[in-house]
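Take a look at the structure set out below.
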C-alpha cells in the first residue's frame, strides 16, 4: 500500500491570498447591493427553522420570498472522533507526557477538569514548585528531556499502518511508541551535532586523522560569501543591522504605506514591496518568498544573470528569474501582473541579446540590457548594474514599468544625467566591487568543490559517517541501541495487537506467542533499525531540516517560578499572585536603579574631590600659574575675547596669539611674569602693525593691555616677589600648609601662643568652658586663620 493509493492531490488548489474572489463566488457582483433576509420567529413558539416565507430587503424595498426559491445549504455531517473507552496506556507512557484517554472519557463527571486533555495525543507539561527539593528540579529537567515533541502526520500514519499490517511483524507499534522513538532520534542527533561542532571548533577546524577528517568534513557545511556590502556591494537590498535600513530588492526604495507595505521573507530576510513582488495579502504567520517556499536550501540560478541572490519568481517553464530582470528586459512580461508571476516571453528574446557580454562582470551569461543612450552599446546584466550603482530609474514606478517598458531608463557611467545621484567616480568603484565579488565567488566555488571532493573521498574511506554528501544525517548504530532500550522499557515485546483491535471481552484471553528471548531481541533490533532508516529518509525529504522545533525554555513551558500555593484548583494561576510577583520585580528594578544612581553620584563627588585636591596641589607647587590664569580669564571675559581677540592670529612667526598664551600657561610654560609680559608685548606690537588704530581689534587689544599693565601687572609683580621672599624665609610662602608629595593639609594653630604674642590673658575656668565648646572653638579657629 502506497501513499498515493490513499490520498488524491488537487493540483488546481491555490493559496487563499492568490485566489480571486470571483473563483469562489462566480455570481457575486461587487457593484450590486447585497440582499438582506429577515426572519421573524416571534410568533413561532417551537423555534422551528423551516418557514414558508421570509422577508427580503433589497434597495430599501421589502417583499416576500418563498423558501423554496433559495438554495439549500450543502454540508456533510461528520461524527466526532472520540477515543474508544477500552483504550488503555501503559504506565511507562505517562513518563513521556501522554495522558490516559480514560480520564477524558469518564461518564461520572459531565464537565472535564481544567487542563485535562480531551484527546490522548495532547501532552501538557506539568508545572513543578520551586519549594520542592533539588531532586524535583532534576526530575523536571529529566521530564522535559523525555517529553514527546514529535507529532505524526499522514505519511507517518500510512507507514505505520503498512508496517503493522504486515503478517511477518509479530510486534505491533502504536502511534505513541512511534512518536517516542522519533523524538529520541531527533534528540540524539541534536546532541551528536553539538558534540561534533564542539570537536571541530576546539581543534580549530584541522583534522588530525582520517577519521577526524571524515567526521569534520561530513558534518561541516560548505563556505558561503555572506553580506559584506562595503567590499562587494549588494543587489538584493539586504543591509546587515536594523530592518529600517532595508530597501526593496526590486525598486530599491524604502518608502511604503499601508496599501503597499514592505514584507520580509522569514527564510532569506529579503525585503520587497507588496506591489513589486505581487503579495496581495500578507499572511498572519510567517511569509516566505517563492525561492524559500519551493527551492529552499538550494542555490537558485537566474536564467538572465549570474547572481544567485535577490527576489526570484519562476518562468512558465519552471526555471527561475529575478523579478527585476524580468522587469528591465523588454521582451519579458508577467502573465498575472497582480501576483507578478509567472514570467513569460523568454522565447521572444532575440539571439543577439544572449550573445552580449556584460562589461561589468566580464561574463557572457544570460541576457543583458544596454545603455539607453542611442550612440552607446554598452551591455550589462540588470543585477550587475544594480550592484555597481548604475543609473536605473523607473520614471512611472513599478506599475508604469509593467504597462510600458519605455518608462525604464538606464545609463552606463559615461552617459548618466548630471546630478548628485550619478557620480562617475563612485560608479567606477561600484564596478570594481562587482568584479571583486564574482572573482571571489569563483574562488569560493572552487574551494567548496575541493572541500566536497575531499569529503566524499573521506566518506568512502571511513565507515563512521554522520552525514551524506547532501548534508542529510546518517543514524549510527548507537541510535539503534538507544531505541532498543526504549522499546524494552515500554514493554513493546508484549504488544502483539493494537489497542483498538482488542475488546474488553477478550483482553484476558489474549495469549502471547511462545518465543525465545533471542527472537524477541532480534525483532526489537529490527524495529529499531527500520525506524532509523525511516527517520533518515524523512530527514532527507525535509532536506536535512529538523523534524521538531526545539524549545528549551523551561520558564515558558512550565511554572517553576511559582509556588504550588499560588495555584488555584485545576492548575490555573492566580492573577493577584502574578501581579504581586510583578510588583516585586518592579520594586527590585527600582532599588537597582537607585543603587546605580547613588553609585553615579558617589563617583561624581569622588571626581570633584580629586579635582579639588589637584587644584590645591597645583596652587601650592605652581602658584604663579594659577595667578596668571585668573588674570587672563578675567580680562578675556571682560573684553569679549571669544569673538575678537582670541580668534585673532598674528602673521608674524614666533608671536603667540592670546589663545596660545592661555594654552601655554595651562601647560606650565611661564616661570616668571617677565616671560608673560614679553609675549603680550610682542602680540600688541604685531597687532599695531597689522591693523589700523581705528580698527576694532586694535582698540580691543589696546584696552586689554592698558588694563593689564595698570591693574593686574603690579599685583602679579607683588605676588612673584612674595613667592621669591617666601621661598627663602617662610617655607615656600605657605606657612599654614603642610606638604607631603601630593598630600596637603593645614597646619594646626596653637592659640595659646597667639594669646601670649598679643599679651592677652587666658579666661578663667568657667568662661573657658564656654570657649572650649565645639561651636566656640570653631569660631575661634576661624578667627585665628583669618
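Residue numbers (our numbering): 44 to 829.
C-beta atoms are modelled at their ideal positions from N, C-alpha and C, and glycine is treated no differently.
Fair warning: this is a prediction, and the values are worked out from it, not measured in the lab.
Next on the checklist: Measuring alpha carbon to alpha carbon, tell me which residue in 292, 417, 526 is nearest residue 230.
Outcome noted: Residue 230 sits at position 187 when you count from the first residue of the chain shown. Ranking 292, 417, 526 by Cα distance to residue 230 puts 526 first.
Checklist entry - With which residues is residue 307 paired in a DSSP beta bridge? => result In the chain shown, residue 307 corresponds to position 264, counting from 1. Paired residue(s): 314.
Next on the checklist: Using the three-state DSSP reduction, which class does residue 654 fall into: helix, strand or coil?
Outcome noted: Here residue 654 refers to the residue found at position 611 when the chain shown is read from its first residue. Looking at residue 654 - three-state DSSP - the assignment turns out to be helix.
Next on the checklist: Among the candidates 222, 338, 293, 710, whose CA atom is the shortest distance from the CA of residue 585?
Outcome noted: As a first step, residue 585 is located in the chain shown; it is residue number 542 there, counting from the start. Minimum Cα distance to residue 585 is reached at 338.
Item to check | Boundaries of the alpha helix (DSSP H) in which residue 434 is found, first to last residue | outcome: The residue labelled residue 434 in the question sits at position 391 within the chain shown. Not the alpha helix (DSSP H): residue 434 falls in the beta strand (DSSP E), residues 434-437.
Item to check | Under 9 angstroms between C-beta atoms of residue 670 and residue 741 | outcome: Locating residue 670 in the chain shown gives position 627, where the first residue counts as 1. Locating residue 741 in the chain shown gives position 698, where the first residue counts as 1. Contact flag unset, no.
Item to check | Beta-carbon spacing of residue 431, residue 473 below 9 angstroms | outcome: Indexing the chain shown from 1 puts residue 431 at position 388. Indexing the chain shown from 1 puts residue 473 at position 430. Yes. Within cutoff.
Next on the checklist: Are the CB atoms of residue 354 and residue 445 within a distance shorter than 9 angstroms?
Outcome noted: As a working mapping, residue 445 is identified with position 402 in the chain shown. As a working mapping, residue 354 is identified with position 311 in the chain shown. For residue 445 and residue 354, no; Cβs fall outside 9 angstroms.
Next on the checklist: Let's test the definition: count the other Cβ atoms within 10 Å of the Cβ of residue 500 and tell me whether it reaches 16, buried, or not, exposed.
Outcome noted: Position 457 of the chain shown, counted from the first residue, corresponds to residue 500. Exposed is the call here.
Checklist entry - Is it true that the region 491-499 meets the region 277-291, where meeting means three or more beta-carbon pairs spaced less than 8 angstroms apart? => result no
Next on the checklist: According to DSSP, simplified to helix, strand and coil, what is residue 345?
Outcome noted: As a position in the chain shown, residue 345 is number 302, starting the count at 1. The answer is strand: DSSP assigns residue 345 an E or B state.
Next on the checklist: If I measure Cβ to Cβ from residue 725 and keep anything under 7 angstroms in the same chain, skipping five residues before and after, which residues do I get?
Outcome noted: Position 682 of the chain shown holds residue 725. Cβ neighbours of residue 725 beyond the five flanking positions: 698.
Checklist entry - Do you know offhand how far residue 559's Cα is from residue 122's? => result Here the question's residue 559 lines up with position 516 in the chain shown. Here the question's residue 122 lines up with position 79 in the chain shown. If I take the Cα positions, the gap works out to 44 angstroms.
Checklist entry - Mapping DSSP to helix, strand and coil, what is residue 200? => result Locating residue 200 in the chain shown gives position 157, where the first residue counts as 1. Residue 200 falls in the helix class under three-state DSSP.
Next on the checklist: Tell me which residue opens and which closes the beta strand (DSSP E) that residue 357 is part of.
Outcome noted: Within the chain shown, the letter at position 314 stands for residue 357. Start and end: 355-357.
Checklist entry - How would you label residue 365, buried or exposed, when you count the other beta carbons within 10 angstroms and need 16 or more for buried? => result Mapped onto the chain shown, residue 365 falls at position 322. Buried is the call here.
Checklist entry - Assuming residue 750 contacts residue 678 under a Cβ cut-off of 8 angstroms, what Cβ separation, rounded to an integer in Å, is found between them? => result As a working note, residue 750 is residue 707 in the chain shown. As a working note, residue 678 is residue 635 in the chain shown. Sure, about 7 angstroms apart at Cβ, within 8 angstroms.
Item to check | residue 372 - DSSP class collapsed to helix/strand/coil | outcome: Taking the first residue of the chain shown as position 1, residue 372 is located at position 329. In this structure, residue 372 counts as coil in the three-state DSSP scheme.
Next on the checklist: Only counting the same chain, and skipping five residues up and downstream in sequence, which positions put a Cβ closer than 6 angstroms to that of residue 380?
Outcome noted: The residue given as residue 380 occupies position 337 in the chain shown. Cβ neighbours of residue 380 beyond the five flanking positions: 445.
Item to check | Residue from 528, 705, 734, 590 whose Cα sits closest to the Cα of residue 135 | outcome: Walking along the chain shown from the start, residue 135 turns up at place 92. The residue with the shortest Cα to Cα distance from residue 135 is 528.
Checklist entry - Quick one: what's got a C-beta closer than 7 angstroms to residue 411's C-beta in the same chain, skipping five residues either side? => result Within the chain shown, residue 411 is the residue found at index 368, counting from 1. Answer for residue 411: 396, 399, 401, 422, 423, 424, listed in chain order.
Next on the checklist: Short of 6 angstroms in beta carbon distance, which residues of its chain neighbour residue 367, apart from the five on each side in sequence? Order them along the chain.
Outcome noted: Start at 1 with the first residue of the chain shown, and residue 367 comes out as number 324. Same-chain partners within the cutoff: 293, 425.
Next on the checklist: Going residue by residue through the region 406-435, where are the continuous alpha helix (DSSP H) segments of at least 4 residues, counting only ones entirely within it?
Outcome noted: 425-431
Item to check | CB-CB length for residue 453 against residue 481, believed under 8 angstroms | outcome: By 1-based counting over the chain shown, the position of residue 453 is 410. By 1-based counting over the chain shown, the position of residue 481 is 438. About 20 angstroms; that fails the 8 angstroms criterion.
Checklist entry - Between the Cα of residue 589 and the Cα atoms of 313, 516, 650, which residue gives the shortest distance? => result By one-based count along the chain shown, residue 589 stands at place 546. Checked all of 313, 516, 650; the closest Cα to residue 589 is 516.
Checklist entry - Which residue from 200, 372, 404 puts its Cα closest to that of residue 471? => result Looking up residue 471 in the chain shown gives position 428. Among 200, 372, 404, the Cα nearest to that of residue 471 belongs to 404.
Checklist entry - If we ignore side chains and look at the alpha-carbon of each, how far apart do residue 324 and residue 450 end up? => result Here residue 324 refers to the residue found at position 281 when the chain shown is read from its first residue. Here residue 450 refers to the residue found at position 407 when the chain shown is read from its first residue. Their backbone Cα atoms lie some 28 angstroms apart in a straight line.
Item to check | Bridge partner(s) assigned by DSSP for residue 386 | outcome: What you label residue 386 is simply residue 343 of the chain shown in a count that begins at 1. According to DSSP, residue 386 bridges with 358, 377.
Item to check | For residue 194, the nearest candidate out of 441, 523, 219 (CA to CA) | outcome: Indexing the chain shown from 1 puts residue 194 at position 151. Selected option, being the one with the closest Cα: 219.
Item to check | Residue from 743, 663, 637, 719 with nearest C-alpha to residue 688 | outcome: Position 645 of the chain shown, counting from 1, holds the residue named residue 688. Of the candidates 743, 663, 637, 719, the one whose C-alpha sits nearest the C-alpha of residue 688 is 743.
Checklist entry - Straight-line CA distance for residue 731 to residue 662? => result Taking the first residue of the chain shown as 1, we reach residue 731 at position 688. Taking the first residue of the chain shown as 1, we reach residue 662 at position 619. Approximately 35 angstroms, taken between the alpha carbons.
Item to check | Neighbourhood of residue 312 by C-beta, 7 angstroms cutoff - its chain only, sequence neighbours within 5 removed | outcome: Here the question's residue 312 lines up with position 269 in the chain shown. Counting only Cβ-Cβ distances below 7 angstroms, and skipping sequence neighbours, we find 281.
Checklist entry - Run through DSSP, which three-state label would residue 730 get? => result Residue mapping note: residue 730 aligns to position 687 of the chain shown, counting from 1. It is helical.
Next on the checklist: Going by C-alpha to C-alpha distance, which of 728, 477, 378, 307 sits closest to residue 348?
Outcome noted: The residue you call residue 348 lines up with position 305 of the chain shown. Checking every option, the nearest Cα to that of residue 348 belongs to 477.
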